[in-house]
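Engineer: One structure is given below, represented as structure tokens, and several questions about it will come after.
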Amino acid sequence: MSVALVSGQSSQPAEQSKPTSTHQARPQSPPPGTATQRALIDQYCVACHNARLKTAGLLLDELDLAHLGNHAEIGEKVVRKLRAGLMPPAGMRRPDAATLESLIGWMEHELNRSAVTYLPPPGLHRLNRTEYANAIRDLLALEVDAAKFLPPDDSTRGFDNIAGALTMSPALMEAYLSAAGKISRLAIGDAAAPTQAVFDVPSDTAQNYYIEGLPFGTRGGMLIKYQFPVDGEYTFRVKGVTGYFTAVLGQIAGEQLEVTVDGERVKLFDWDREIKNTTGNGRATQRVPVKAGLHTVGVTFLATNDVPGTELNKPFQRTMNTPGEISGFLFYPHVGQVTIEGPFNPEGVSDTASRRKIFVCRPGGRREEGRAATTLNEATCARRIVSTLAKHAFRRPATRADRELLMEFYRTGRTEGGSFDDGIQAALQRVLADPQFLYRGEPEPAGVAAGKVYRVSDLALASRLSFFLWSSIPDDELIDLAAQGKLADPVVLEQQVRRMLKDPHSDALVTNFTGQWLSVRSLRTSEPVVNLFPDFDDNLRNAFQREMELFFGSILQEDRSVLDLLTADYTFVNERLAKHYGIPNVYGPRFRRVTLTPELDVRRGLLGKGALLTVTSQAARTSPVIRGKWFLQTFLGVSPPDPPPNVPAIKEKPADATGNLKAPTMRQILEEHHTNPACATCHRTFEPMGFALENFDAVGAWRTQDEGQPIDATGTLADGTKLDGVASLRDLLVRYQGQFVRVITEKLLTYALGRGLEYQDMPLVRSIVGDAATTKYRFSSIVAGIVRSQAFQMNMKTREGNQLRVAR
Amino acid sequence: MFLTKKHMSRRTVLRGAGAALALPLLEAMVPAATALAQTAANPRSRFVGLFVPHGMAPGYWVPDKVGTGFEFPYCFKPLEAYRDHVTILSGLHSRSAEPPPGATGADHWVAAAFLCANKPKKTNRADVYAGTTIDQTIAQKIGQDTLLPSLQLAVEDPGANSSNCGEGYSCTYTNTISWSSPTQPLPMELNPQVVFERMFGDGSTGKERAARRMRNRSILDSLNESLSRLRRDSGPSDRARLDQYAEDVREIERRLQIAMKASTVAPADLSVPVGVPQSFDEHIKLQFDLLALAFQADITRVGTLLFARDLTGRTYPESEAPTVGFHGGSHHGEDPKRIAELAKINQYHVKMLAHLVARLDKTADGDGTLLDHSLVLYGSNMGNPNQHLHYDVPHVLVGGASGKLTGGRHLAYPTRAVPTGNLLLSVMETFDIHQDSIGDSTGRLEDL
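Taken in sequence, the protein lines are chains R and L. Residue 99 in numbering that gives the first Met the number 0 sits at position 100 of the first sequence; the count goes up by one each step and never skips. Residue 36 in numbering that gives the first Met the number 0 sits at position 37 of the second sequence; the count goes up by one each step and never skips.
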């Protein structure tokens with residue numbers, strides 16, 4: 000559609016500033032000329048945003064509305080602020096909602112139709128640590144803790160899977176090299192030298208609860224899933240939680256500690272005699288024979304000693320206070336650390352899941368039970384094995400060059416080590432060290448001219464899909480479809496998206512996306528001050544996280560509208576979380592769905608979730624500033640400007656007339672943010688939202704008083720909305736649902752593309768949202784919209800001279 | 000060739016990790032560009048920094064005379080055989096370890112200040128701030144063409160406390176005494192097996208280790224093929240990144256070469272330690288043996304070891320006070336009997352130091368022994384620990400420092416006048432590192 004230039008705008012009558020329809024609608028075609036919009040902008044915006052005052056560097060008096068496309072960056076900035084309801088600011092005249100909507104709609108329409116093609120290739124994209132671990136799991140059926148091999152990744156734009164931030168360094172390369180050796184040996188089953196694997200229990204875990212997976216009638220301890228490298232004997236050493244002075248804590252006597260392997264007891268410790276007096280060095284079991292592979296090790300107390308405490312005070316949910324003890328409280332002993340040592344007397348390797356995955360055939364001479372003896376010779380079988388490995392690891396059919404290279408390593412390994420398995424191990428090691436495994440490269444076709452767009456290859460598309468929806472390598476079905484050139488077919492693509500969302504692998508999308516978009520990952524480093532929140536323990540922390548995963552997961556699995564994230568009248572709790580929320584009659588560690596009755600209305604949707612309320616607080620108190628800012632960024636997609644430098648720390652209020660130091664409420668503490676105009680201009684755009692959440696304390700518990708005074712959760716926003724408590728904030732979001740959906744789409748798109756979005760991407764975001772509106776914003780529609788988009792399926796060929804020199 | 004420093008500057012703060020990752024240590028010690036050959040102008044000096052908390056029993060460690068010819072006091076007796084290499088310092092003031100005025104107990108969270116003389120910032124979050132410790136400054140100078148620029152060792156598990164330790168201070172300040180920058184603590188490795196693997200590669204026999212190195216070598220060689228395949232189909236900016244990748248490969252090849260050279264020195268009969276030994280005695284001796292071996296094989300020239308963490312209640316069954324917990328014993332209440340018990344523990348610790356010294360003394364190095372060419376600094380940040388006094392703190396220097404240090408002396412400084420920063424400044428001098436100041440130093444140490 001060509002740009003229609005209408006001249007003689009000044010002759011248009013000014014009465015056209017009144018819109019003809021009052022319901023919100025995008026104009027089907029732009030009204031002739033731009034006089035309406037110019038008049039609106041002159042009336043409501045130009046008082047500040049003019050060439051003289053240059054407020055925020057935005058000169059709207061000079062903005063050429065007839066060629067808005069040429070000023071898309073400014074246009075998008077304006078639209079974003081308007082869509083978040085932040086402009087015009089409080090205190091300035093505002094058009095009515097319908098008029099405002101019409102103006103925004105017009106601008107968006109203009110920007111959409113003059114959008115330029117913007118398809119920068121994300122570039123070489125290194126697997127991040129999570130993706131690496133998932134790839135190993137899917138490639139080799141091996142669970143590894145990638146943190147033992149690799150350092151954490153850098154993140155940018157809110158996500159750790161952004162291609163530009165995932166750099167390489169010699170140290171990292173050495174890590175990959177070392178990991179390739181260790182993982183390949185572990186997968187094949189190496190008669191390894193004995194090692195130690197150490198597992199710590201977080202120090203703030205309450206251990207008077209039953210842990211799911213351990214035998215009934217036990218409490219506390221830990222459940223470990225460990226990959227035993229070879230058949231052999233192993234010991235399990237248990238240390239108690241130690242505090243100051245490295246003495247083992249816990250005064251209650253008579254405890255018995257059980258160690259189990261796959262549910263079978265291998266040792267029963269008398270805690271007092273065997274572990275308590277070990278000043279923190281712990282005690283090991285006898286050597287226990289275990290076969291290679293993944294097994295569960297349980298270390299837990301028998302809950303036979305459950306006596307009510309004799310202390311006078313109410314016991315807290317948290318049962319251990321490190322580094323010391325709390326006087327007046329008796330604690331049960333806690334398991335602090337478990338060390339698995341071994342193998343001793345290794346006996347080689349029997350069958351494990353990873354061996355079964357790797358050895359898709361066996362060289363001739365070995366009869367398999369129930370199957371005809373295979374008569375492949377070694378080299379043929381090896382070729383088959385390395386082909387399969389290469390296909391899955393490199394995410395494309397194996398080529399002859401792959402086979403030749405890997406067979407060379409196979410032969411060397413076979414000769415050096417002396418067995419077929421050693422040869423395969425060498426080839427596997429080579430695969431894991433290959434940049435084609437570690438990097439997702441998207442081949443640029445040679446015949447395309449610079450500046451022209453091209454479709455990414457089907458195989459590249461398969462990887463984009465699987466890393467988006469599964470954070471892992473594509474499976475056979477995807478690779479095969481891609482290799483046959485069928486994947487780009489829209490019908491096939493949609494089928495695959497549907498299949499992949501249903502697949503359990505899509506849990507990774509839930510965990511990684513919510514972990515980062517909603518900052519749930521920050522829970523791990525949230526440490527509320529013990530003396531103020533003695534009920535906060537690691538069990539609650541885990542429960543918070545699990546609730547978020549199950550809640551968001553329900554939106555994905557039940558293909559609900561993403562708006563349900565705001566208003567859903569259900570959530571998922573276990574006993575610990577239910578206690579925290581005040582939901583009655585929930586017992587046991589298992590998570591279950593509960594309906595939120597009207598009394599629990601405050602817990603509906605994301606705004607009532609303990610995880611989010613905790614990560615947006617400080618260790619000792621709530622922070623309406625952080626919460627307000629987080630609200631703006633996470634749900635409305637805008638950020639307030641940075642504070643000026645040298646903002647002083649919060650001053651303590653002086654004593655009152657009677658000499659008592661009256662602790663101020665949060666609102667009193669932040670008074671200056673409202674009264675000082677230099678602060679208020681920015682703070683009043685978001686702080687009221689934070690105050691609306693003040694009924695939730697720093698660990699997300701409901702409260703009605705702050706420092707003995709009733710909480711005042713009221714506030715007024717720039718658009719005139721009056722807030723009073725979380726329900727009103729939720730209503731606000733529902734009113735701004737369009738923006739909410741746009742923001743979540745932006746985030747998902749960033750996550751899917753592996754690059755940050757720029758203003759040029761906004762028309763795409765709007766079009767995805769517009770299409771999803773027809774299904775009332777079901778999650779799968781948004782995902783499908785992303786996958787269907789040009790940005791997901793095409794790149795633009797870069798010009799030779801334009802690329803940046805790699806920073807050294 | 001230059002290494003990208005991007006990762007280092009954006010690394011988040013490492014918390015003391017105990018028996019955990021091998022990688023962050025390597026990350027933080029990436030050697031900068033350097034020539035492979037060492038110019039033989041100076042003999043290669045080594046540095047060891049050793050910290051013990053809880054001071055020393057008053058009356059049991061200060062020699063009777065100043066200067067030479069003193070009788071070795073009780074606590075330092077195990078070093079008597081090395082008199083000519085020993086300098087005892089008394090009267091120093093550990094100002095950087097003193098708590099802020101009015102605060103008590105905060106002085107147990109300041110091990111971080113031992114080698115940088117800078118009072119750590121009071122915080123229990125991620126924004127820790129101490130100072131660059133001298134072992135790292137020295138490693139920057141002399142450790143760049145060894146396999147490992149420095150080695151950090153521990154013999155006590157930091158435990159599950161990783162942040163909130165006490166009085167608002169992060170546990171990081173007691174978990175490590177080596178900081179590569181004021182905001183970058185280096186984890187101290189508890190597990191001798193991990194140390195061994197870092198030095199010699201993993202594998203249970205020498206043959207296996209060599210084989211694994213060879214395997215890595217051939218993998219690196221063959222990577223070029225994969226890189227060119229990727230490069231062929233890539234756009235210009237990707238090609239630039241792949242070129243960088245290829246350079247990184249070459250850098251690792253270079254380091255692998257150094258490693259292979261170093262690993263040839265590992266004695267054939269040295270068996271790989273398995274995990275952390277049960278007893279302190281065994282554990283610390285093993286760590287010291289590994290450190291001495293690392294010096295001998297020129298795998299590293301700088302090492303630090305944390306004898307014990309502040310507040311530890313650890314007992315030392317092999318000492319002459321087998322049932323006395325260290326921290327409890329340090330609060331002797333001025334009771335002479337209990338002071339004597341504490342002295343026994345102090346002496347036991349020095350005995351462990353003597354184990355290292357003996358190793359160094361027995362190992363030939365160039366025209367002398369390793370001990371001739373080393374400087375071992377052993378000390379505490381408390382004097383009389385009963386009241387947490389930080390003046391008149393014990394320090395001893397052992398080794399010849401390649402001729403820069405004269406031994407056999409007791410140097411006594413006027414009390415509360417000379418901060419330990421001055422000692423650190425002078426120690427750096429012996430490595431030809433000339434700084435104006437460090438932490439709270441007021442000048443160089445006289446007479447050293």
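Backbone N, C-alpha and C fix where the C-beta goes; we use that ideal spot for every residue, glycine too.
1. On the three-pair Cβ rule with 8 Å, is the region 111 to 118 of chain L touching the region 81 to 101 of chain L?
2. Based on the DSSP output, what are the partners of W178 (chain L) in its beta bridges?
3. Would you mind working out which of L:G402, L:V356 and L:K336 sits nearest L447 (chain L), comparing C-alpha positions?
4. Take the Cβ of F695 (chain R) as the centre, count every other Cβ of all protein chains shown within 10 Å, and call the residue buried at 16 or more, exposed below.
5. Mind checking whether R575 (chain R) and N538 (chain R) have CB atoms under 9 Å apart?
6. Cβ of Y331 (chain R) less than 9 Å from any chain L Cβ?
7. Excluding the 5 residues preceding and the 5 following L728 (chain R) in the sequence, name in chain order all residues of the same chain whose CB lies nearer than 8 Å to its CB.
8. Using only CA atoms, which one of R:R79, R:V572 and R:T615 lies nearest to S518 (chain R)?
9. In or out: A717 (chain R) buried (at least 16 other Cβ within 10 Å) or exposed?
10. Is it a yes or a no for the region 269 to 286 of chain L touching the region 235 to 252 of chain L, going by three-plus beta-carbon pairs under 8 Å?
11. Quick check: P214 (chain R) and G262 (chain R), are their CB atoms within less than 9 Å of each other?
12. Considering K224 (chain R), what are the terminal residues of the beta strand (DSSP E) in which it resides?
13. Using only alpha-carbon positions, find the residue among L:K76, L:H372 and L:P393 that is nearest to G378 (chain L).
14. According to the neighbour-count rule (16 or more other Cβ atoms, all chains shown, within 10 Å of its Cβ), is V447 (chain R) buried or exposed?
15. In its own chain, which residues sit with a C-beta less than 7 Å from the C-beta of G66 (chain L), not counting the 5 before and 5 after it?
16. Does the beta carbon of F467 (chain R) come closer than 9 Å to any beta carbon on chain L?
17. How is F430 (chain L) classed by DSSP in three states: helix, strand or coil?
18. Just checking: is the beta-carbon of G220 (chain R) within a distance shorter than 9 Å of some beta-carbon in chain L?
19. What is the rounded straight-line gap between the Cα of G48 (chain L) and the Cα of L522 (chain R)?
20. Please work out which residues of its chain come closer than 8 Å, Cβ to Cβ, to T744 (chain R), disregarding the five sequence neighbours upstream and downstream, and give them in chain order.
21. Considering G48 (chain L), what are the terminal residues of the beta strand (DSSP E) in which it resides?
22. Below 9 Å between beta carbons: does that hold for A205 (chain R) and G219 (chain R)?
23. Looking only at its chain, what residues have a beta carbon closer than 8 Å to the beta carbon of K76 (chain R), apart from the 5 residues adjacent to it on each side?
24. Is it right to say D705 (chain R) is buried, meaning 16 or more other beta carbons lie within 10 angstroms of its own, or is it exposed?
25. Grab me the residues of L310 (chain L)'s own chain with a C-beta within less than 7 Å of its C-beta, minus the 5 sequence neighbours each way, in chain order.
26. At 4 residues or longer, and completely inside the region 569 to 605 of chain R: list those alpha helix (DSSP H) runs for me, N to C.
27. Under 9 Å between the Cβ atoms of A432 (chain R) and A381 (chain R)?
28. V275 (chain L) to P191 (chain L), Cα distance in whole Å?
29. Unbroken alpha helix (DSSP H) runs of length 4 or more, entirely within the region 602 to 640 of chain R: which are they?
30. Is there a Cβ from chain L that is less than 9 Å from the Cβ of Y758 (chain R)?
31. So for T715 (chain R), helix, strand or coil by DSSP?
32. With respect to the beta strand (DSSP E) encompassing E263 (chain R), which residues constitute its N-terminal and C-terminal limits?
33. Would you tell me roughly how many angstroms separate the C-alpha atoms of K501 (chain R) and S779 (chain R), rounded to the nearest one?
34. In the DSSP assignment, find the unbroken alpha helix (DSSP H) run with D193 (chain L) in it and report its ends.
35. Could you say which of L:L359, L:T322, L:M427 and L:R212 lies nearest to E173 (chain R) if we only look at CA atoms?
36. What residue range is occupied by the uninterrupted beta strand (DSSP E) comprising N794 (chain R)?
Structural biologist: Looking at the coordinates:
1. yes
2. L:P184
3. L:G402
4. buried
5. yes
6. no
7. L606, F630, M688, A691, L692 and L722
8. R:T615
9. buried
10. no
11. yes
12. T217 to F227
13. L:P393
14. exposed
15. R408 and H409
16. no
17. coil
18. no
19. 37 Å
20. V764, I767, V768, A771, I781, G784 and I785
21. R45 to F50
22. yes
23. L57 and Y758
24. buried
25. H107 and H326
26. 574 to 580
27. no
28. 6 Å
29. 609 to 614 and 623 to 630
30. no
31. strand
32. E263 to D269
33. 10 Å
34. For the record, residue 193 (chain L) in the displayed sequence is Val; it is not Asp. That run of the alpha helix (DSSP H) goes P191 to F199.
35. L:R212
36. M793 to M795
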